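Visitor: Residue numbers (my numbering): 54 to 225. Beta carbons are placed, not taken as given, at the ideal position from N, Cα and C, and that holds for glycine. Computed from a predicted model, the values in this text were never measured in an experiment.
1. So, residue 172 versus residue 115, is the Cβ gap smaller than 8 Å?
2. Would you say residue 106 and residue 128 are within 8 Å of each other, going by their C-beta atoms?
3. What is the rounded straight-line gap between the Cα of residue 219 and the Cα of residue 179?
4. Use the C-beta contact count for residue 140: other C-beta atoms within 10 angstroms, 16 or more gives buried, fewer gives exposed.
5. DSSP three-state call for residue 140: helix, strand or coil?
6. Measure the C-alpha to C-alpha separation of residue 111 and residue 79 and round it to an integer number of angstroms.
7. Judging by CA-CA distance, which residue of 177, 209 and 122 is the nearest neighbour of residue 86?
8. For residue 227, is the classification buried or exposed, using 16 other Cβ atoms within 10 angstroms of its Cβ as the cut-off for buried?
9. Expressed to the nearest angstrom, what Euclidean distance is found between the alpha-carbon atoms of residue 193 and residue 185?
Written as structure tokens, this is what we have:
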């Protein structure tokens with residue numbers, strides 16, 4: 054099964070020049086979604102981790118399904134001002150703007166080894182921010198996995214520069 058067949062590109066979304074990958078067809082197809090989680094699990098098994106951090110919002114979908122499948126704890130990194138309790142925050146740049154991520158201070162145990170998960174690796178800014186967020190809060194980051202890496206944007210090189218070990222199911 055070629056999972057890329059289930060990730061059609063939408064040109065010029067959310068801004069001109071951006072090719073957005075729509076995960077809706079993949080999620081709507083039970084066989085494709087099951088295969089996605091199986092392939093993410095195969096990548097995850099190469100890391101030593103106790104918890105998964107899903108990055109808002111599409112990282113929540115893959116991260117929670119993988120955490121359930123792998124019997125691991127799951128935590129969420131949210132956009133600003135979406136969490137009810139005291140939170141850690143990290144600001145970062147995107148290929149089309151800037152944003153911030155937050156994690157509640159009480160979410161993870163102090164000895165957590167965290168695997169980051171997101172749907173797409175573009176420039177690497179979001180994963181780098183999640184890594185910085187967790188490390189500044191005192192957690193160990195085991196690495197990062199994504200469903201798709203957009204190779205032309207050189208995100209994997211940025212992750213390497215920041216000492217983040219990354220694996221992706223697909224490259225385009």
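Guide: The structure says:
1. Your numbering for residue 172 matches position 119 in the chain shown. Your numbering for residue 115 matches position 62 in the chain shown. Yes, the pair counts as a contact, with Cβ atoms nearer than the cut-off.
2. Residue 106 sits at position 53 when you count from the first residue of the chain shown. Residue 128 sits at position 75 when you count from the first residue of the chain shown. It is a contact, given that the beta carbons lie within the stated cut-off.
3. The sequence position of residue 219 within the chain shown is 166, counting from 1. The sequence position of residue 179 within the chain shown is 126, counting from 1. Roughly 13 Å between the two C-alpha positions.
4. Along the chain shown, one-based indexing puts residue 140 at 87. Result: buried.
5. Position 87 of the chain shown, counting from 1, holds the residue named residue 140. In this structure, residue 140 counts as strand in the three-state DSSP scheme.
6. Here residue 111 refers to the residue found at position 58 when the chain shown is read from its first residue. Here residue 79 refers to the residue found at position 26 when the chain shown is read from its first residue. Those two C-alpha atoms are separated by around 12 Å.
7. Taking the first residue of the chain shown as 1, we reach residue 86 at position 33. Nearest of 177, 209 and 122 to residue 86, Cα basis: 122.
8. One cannot answer for residue 227 here, as it falls past the ends of the chain, which runs 54 to 225.
9. Numbered from its first residue, the chain shown carries residue 193 at position 140. Numbered from its first residue, the chain shown carries residue 185 at position 132. Going by C-alpha positions, residue 193 is about 10 Å away from residue 185.
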